Amino acid sequence: VGFMIYELHKTRLHILNFAVNPAFRRRGVGEAMVGKLISKLSPQRRNHIRLEVRETNLPAQLFFKNSGFVATSVLKDFYDDTTEDAYVMILRHQNSESEFMPINRISRLAG
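If you count the sequence shown from 1, position 41 lands on 54 in the numbering used here, and the numbers rise without skipping.
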């Protein structure tokens, strides 16, 4: 129903190809795939995910934006088969320990 190809780099994951069968879109498949990659991020090692998306692929741009990615730059004439540009989109690791860590009342009172 879907697949993704990505590279592991020292400080990032780089999505090279990402696709979901049109019959299975808007059913959580893509979100689950992105979620799996996000779970591989950590502040100590690979702290962001990068991808390039065609400027004409608005559905993909919106999907990744809704998944937390931000467009950071434009790559002119990026693709070999056309003169189309690509948007670089990045999702950075969110250090959410403080958001989700249960508050221990005793340690809070101690200091």
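Even glycine gets a Cβ: it sits at the ideal position worked out from N, Cα and C. This structure is a prediction, so every number in the text was calculated from the model and none was measured.
Report, in whole angstroms, the separation of the C-beta atoms of residue i and residue j, which I expect to be a contact under 8 Å.
i	j	result
Ile103	Val83	6 Å
Val101	Ser86	5 Å
Gly15	Gly43	7 Å
Asn60	His106	4 Å
Met17	Asn30	7 Å
Phe77	Leu64	7 Å
Secondary structure at residue i, three-state DSSP: helix, strand or coil?
i	result
Tyr92	coil
Val101	strand
Give me, in chain order, the residues of the same chain whose beta-carbon lies closer than 6 Å to that of residue i; leave out the 5 immediate sequence neighbours on both sides.
i	result
Glu20	His27
For residue i, which residues in the same chain have their Cβ closer than 8 Å to its Cβ, ignoring the five residues on either side in sequence?
i	result
Glu97	Arg67, Glu68, Thr69, Asp90 and Phe91
Could you tell me whether any non-hydrogen atom of the ligand MN is closer than 7 Å to the CB of residue i?
i	result
Arg38	You won't find the ligand MN in this model; it holds no ligand whatsoever.
Does the count of Cβ pairs from the region 87–97 and the region 38–58 closer than 8 Å reach three? no
Can you list the beta strand (DSSP E) stretches of 3 or more residues lying completely in the region 20–90, in chain order? 25–33, 61–67 and 83–88
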